[in-house]
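Chemist:
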Amino acid sequence: MGFTPAEIESQLDEIDDRWGEGALADLFYSATADTSGVRAMFGKLQRAIASPTMAKLWWKAFMEIDVRSVLGLVRAPTLVFARPGDRLVPIEAAAALAAAIPEAHFQPLPPGPHSPFDIIADFVPSVVEFVCEKPSERPDERILKAVMFTDIVGSTEQLSATGDAHWRHQLDAHDRAVDWLLAKYGGHRAKHTGDGIFALFDGPTKAVRCALDLVPTLATRGIQIRAGVHVGECERRGEEWSGMAVHTGARVGALAGAGEVVASRTVRDLSAGSGLSFESLGPQRLKGLPEAVEVYRVTT
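Residue 139 in full-length UniProt numbering sits at position 139 of the sequence shown, with consecutive numbering throughout.
1. Out of curiosity, what's the CA-to-CA distance linking residue 306 and P204?
2. Let me confirm a value: F117 is counted as buried when at least 16 other C-beta atoms fall within 10 Å, else exposed. Which label applies?
3. By alpha-carbon positions, which one of P90, V67 and P108 ends up nearest to L79?
4. What separation, rounded to the nearest whole angstrom, lies between the Cα atoms of I223 and A173?
5. Classify K206: buried if its beta carbon has 16 or more other beta carbons within 10 angstroms, exposed otherwise.
6. Can you name the start and end residues of the alpha helix (DSSP H) that K206 belongs to?
7. Check S126 in the structure and name its three-state DSSP category.
8. From the DSSP output, read off the bridge partner residues of L79.
9. Mapping the DSSP letters down to three states, classify A292 as helix, strand or coil.
10. Taking the Cβ atom as the reference point for each residue, do A190 and G228 lie within a distance shorter than 8 Å?
11. Ends of the beta strand (DSSP E) at I197?
12. Please return the same chain residues whose Cβ sits closer than 6 Å to the Cβ of G150, not counting the five positions on each side in sequence.
13. Less than 8 Å between the beta carbons of V178 and L144, yes or no?
14. Which full runs of the beta strand (DSSP E) of 3+ residues lie inside the segment 17-50, going along the chain?
15. With a 10 Å radius around its C-beta and 16 neighbouring C-beta atoms as the bar for buried, classify A219 as buried or exposed.
16. Does the segment 19-37 come close enough to the segment 89-99 to have 3 or more Cβ pairs within less than 8 Å?
17. Closest by CA to I119, which one among A104, R83, R142 and V153?
18. Looking only at its own chain, which residues have a Cβ that is under 6 Å from the Cβ of K56, when we skip the five neighbours before and after it?
19. Taking C-alpha atoms, which residue in V128, F81 and R221 lies nearest to W167?
20. I'd like to know whether the C-beta atoms of L200 and G187 end up nearer to each other than 8 Å.
21. Can you check whether the CB of H230 is closer than 8 Å to the CB of S280?
22. Where does V74 sit, in a helix, a strand or coil, going by DSSP?
23. Rounded to the nearest angstrom, what separates A250 and G288 at their Cα positions?
24. Let me know if W180 comes out buried or exposed under the rule of 16 or more other beta-carbons within 10 Å of its beta-carbon.
25. From the DSSP output, in three-state form, read off H114 for me.
26. Taking its Cβ as the centre, do 16 or more other Cβ atoms sit within 10 Å of W59, making it buried, or is it exposed?
27. Just reading off the alpha helix (DSSP H) that V267 is part of, what are its end residues?
28. Can you pull the DSSP bridge partners for A146?
29. With a Cβ-Cβ cutoff of 8 Å, do V246 and V147 count as a contact?
30. Hey, could you find the ends of the beta strand (DSSP E) G282 is sitting in?
Below is the structure:
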């Protein structure tokens, strides 16, 4: 669907002969190139951006680009526009490009030349709608995340001793503190887990420091927690998160005592140079895992 070698040679000759005077204007503007002032404008733009020699090098490089072998690896949400009548990028080539990219959206535009100045009002709203509606991550995929699990220690006993109304007040205070510290450390609350939370972070150090801050912050409100941190690939299915890393993080957190933050060896290894201190608690057998996991108590 690209240009033939003979066509490319002809284009390079035109750059040699007429760069700075509107060379290749017919490719970019189609019939619009004959409109008064268009070739002169395009020539002025050419003189401002490159010499004829550099323009030829760029054009050769442009014509040698072939990304077909890697299109299937694209994971970002992709929107492909094309115009019937575009002489530089035929609509058939654009459609083939979109078809090769997983879940790409192909949107034809009104017929016309390659340069889209005449249809800005048509495609800008489409771009805005696409960018605002598409998530930055695919809904079903595996993503490397640090997971943090917290749990209120003795919650049942506190509820029994203080009553429902007071306990609701405590939980509200807990949630406000958690939300504030998650925002501070860039965490995302994935789920309430009864009397605790399951949160996700982009890195283990942030997750551990958030947990270490949560312990004293909640203690001042009369709430004792335990926390555990692990890191690994998590499975995202819509708004839900699952997978072995999530399961391991929950099991690691259950090993912590009141006021403690514990973490897996993976967290320790990836937090080298962070200034955190890791005290080994030895290999621990975790329910559902085939092998023991090295667990550490974390302090600053």
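We put the CB at the ideal spot given by N, CA and C, even for glycine.
Fair warning: this is a prediction, and the values are worked out from it, not measured in the lab.
Modeler: To lay it out plainly:
1. The structure shown has nothing for residue 306, since the chain only spans 1 to 300.
2. Residue mapping note: residue 117 aligns to position 117 of the sequence shown, counting from 1. Classification for F117: exposed.
3. Within the sequence shown, the letter at position 79 stands for residue 79. The candidate whose alpha carbon is nearest that of L79 is P108.
4. For this step, residue 223 is matched to residue 223 along the sequence shown. For this step, residue 173 is matched to residue 173 along the sequence shown. Cα-Cα distance, rounded: 9 Å.
5. Start at 1 with the first residue of the sequence shown, and residue 206 comes out as number 206. K206 is buried by the Cβ-count criterion.
6. Taking the first residue of the sequence shown as position 1, residue 206 is located at position 206. P204 to A219 is the extent of the alpha helix (DSSP H) around K206.
7. Here residue 126 is taken as the residue at index 126 of the sequence shown, counted from 1. Three-state DSSP puts S126 in a helix.
8. Here residue 79 corresponds to residue number 79 of the sequence shown, with the count starting at 1. Answer by DSSP bridge pairing, in chain order: H105.
9. Locating residue 292 in the sequence shown gives position 292, where the first residue counts as 1. A292: coil per DSSP, three-state reduction.
10. Along the sequence shown, read from residue 1 onward, the residue named residue 190 stands at position 190. Along the sequence shown, read from residue 1 onward, the residue named residue 228 stands at position 228. Result no, Cβ atoms of A190 and G228 do not sit closer than 8 Å.
11. Here residue 197 corresponds to residue number 197 of the sequence shown, with the count starting at 1. Element bounds for I197: G196 to F201.
12. Translated into the one-based positions of the sequence shown, residue 150 becomes position 150. Looking at the sequence itself, residue 150 is Thr, so the reference to Gly does not match. So the qualifying residues of the chain are G196, I197, I225 and A227.
13. Within the sequence shown, the letter at position 178 stands for residue 178. Within the sequence shown, the letter at position 144 stands for residue 144. No, Cβ-Cβ distance for V178 and L144 is not below 8 Å.
14. none
15. Locating residue 219 in the sequence shown gives position 219, where the first residue counts as 1. Counting Cβ neighbours within 10 Å, A219 comes out exposed, since fewer than 16 surround it.
16. no
17. Translated into the one-based positions of the sequence shown, residue 119 becomes position 119. Checking every option, the nearest Cα to that of I119 belongs to R83.
18. Counting from one through the sequence shown, the residue named residue 56 turns up at place 56. For K56, where only same-chain residues beyond five positions count, the Cβ hits under 6 Å are L12 and I15.
19. What you label residue 167 is simply residue 167 of the sequence shown in a count that begins at 1. Closest option to W167, Cα to Cα, is R221.
20. Taking the sequence shown and counting its residues from 1, the one referred to as residue 200 is at position 200. Taking the sequence shown and counting its residues from 1, the one referred to as residue 187 is at position 187. It is a contact, given that the beta carbons lie within the stated cut-off.
21. Your numbering for residue 280 matches position 280 in the sequence shown. Your numbering for residue 230 matches position 230 in the sequence shown. For S280 and H230, no; Cβs fall outside 8 Å.
22. By 1-based counting over the sequence shown, the position of residue 74 is 74. If DSSP states are grouped into helix, strand and coil, V74 belongs with coil.
23. Taking the first residue of the sequence shown as 1, we reach residue 250 at position 250. Taking the first residue of the sequence shown as 1, we reach residue 288 at position 288. Computed Cα separation, rounded: 11 Å.
24. Position 180 of the sequence shown holds residue 180. Looking at its Cβ environment, which holds fewer than 16 other Cβ atoms inside 10 Å, W180 is exposed.
25. Reading the sequence shown from its first residue, position 114 is the one you call residue 114. If DSSP states are grouped into helix, strand and coil, H114 belongs with coil.
26. Position 59 of the sequence shown, counted from the first residue, corresponds to residue 59. Buried.
27. Counting from 1 along the sequence shown, the entry for residue 267 is found at position 267. Segment R265 to L270, the alpha helix (DSSP H) holding V267.
28. Against the sequence shown, residue 146 aligns to sequence position 146. Beta-bridge pairing links A146 to F201 and V231.
29. Numbered from its first residue, the sequence shown carries residue 246 at position 246. Numbered from its first residue, the sequence shown carries residue 147 at position 147. In this structure, V147 lies closer than 8 Å to V246 by Cβ.
30. Here residue 282 is taken as the residue at index 282 of the sequence shown, counted from 1. Looking at the DSSP string, the run of the beta strand (DSSP E) that includes G282 is S277 to Q284.
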